[in-house]
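Visitor:
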Amino acid sequence: MNNIDLAKALHHIWNSGDLALIERVYAHDFLAHWPASSEVPERRGVEGIRFGVMRIRTAFPDWHEEVVDVFGSGDRVASRYVSTGTHQGPFWGIEPTGRRIEIQEISIFRIADGRIAEQWCMFDDLARLQQLGVGPEYLRKVLKI
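Following this note's numbering, the numbering of the sequence shown begins with 30 at its first residue and continues without gaps.
1. Classify W149 as helix, strand or coil using the three-state DSSP reduction.
2. Considering only residues of the region 114-162, which uninterrupted beta strand (DSSP E) runs meet the minimum length of 3 residues and lie entirely inside it, listed in chain order?
3. Rounded C-beta distance between I145 and L39? I'm assuming under 8 Å.
4. Taking the C-alpha atoms as reference points, what is the distance between E134 and I140?
5. Buried or exposed for F59, going by 16 or more other Cβ atoms inside 10 Å?
6. For E94, does the count of other Cβ atoms within 10 angstroms reach 16, so buried, or fall short, so exposed?
7. Does the beta-carbon of R157 have 16 or more other beta-carbons within 10 angstroms, so that it is buried, or is it exposed?
8. What are the boundary residues of the beta strand (DSSP E) that includes A49?
9. Could you check the C-alpha separation between S136 and V82 for me, to the nearest Å?
10. How far does the alpha helix (DSSP H) with D98 in it reach, from first residue to last?
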């Protein structure tokens, strides 16, 4: 599988919730870097990914990442995508609201030995929380700032 197809397979896992594919796409020592405002700013290994996929799909069962752009060079692939979902389960301690969210995301992936070894992801947590009906005061409370 080429590096761009590997990134597309990653998005397929998050879209489908197919946990069986994780070990074919992610390196065992995978490391993810999320924005500092994120509830979980770093995620490690295939177990971290398994946890993340289950967590997001429990909160947003219809979670979908629509890839808008994807390109690569060498061991790096960049993907710009729009993530959507309907809030049906607890998320960041927020009880289900039934609200549909849409957030813009960009990720850069490092590929090693045919697996995704590292990811840097940028998205707007504040916009997501506002779409769920909470404001900056909630974020300050959660992040203790």
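Note that the Cβ used here is the ideal one computed from N, Cα and C, for glycine as well.
Guide: Walking through what the data contain:
1. Three-state DSSP puts W149 in a strand.
2. Taken in chain order, the complete beta strand (DSSP E) segments of 3 or more residues contained in the region 114-162 are 129-141 and 144-152.
3. About 6 Å separates the CB atoms of I145 and L39; that is less than 8 Å, so the two are in contact.
4. E134 and I140: Cα-Cα distance of roughly 19 Å.
5. By the C-beta density criterion, F59 is buried, having at least 16 other C-beta atoms within 10 angstroms.
6. With at least 16 other beta carbons inside 10 angstroms of its own, E94 counts as buried.
7. Classification for R157: buried.
8. Neither: A49 is in no beta strand (DSSP E) and is coded neither H nor E.
9. Using only the alpha carbons, I get a separation of about 16 Å.
10. Segment H93 to S102 is the beta strand (DSSP E) holding D98; no alpha helix (DSSP H) there.
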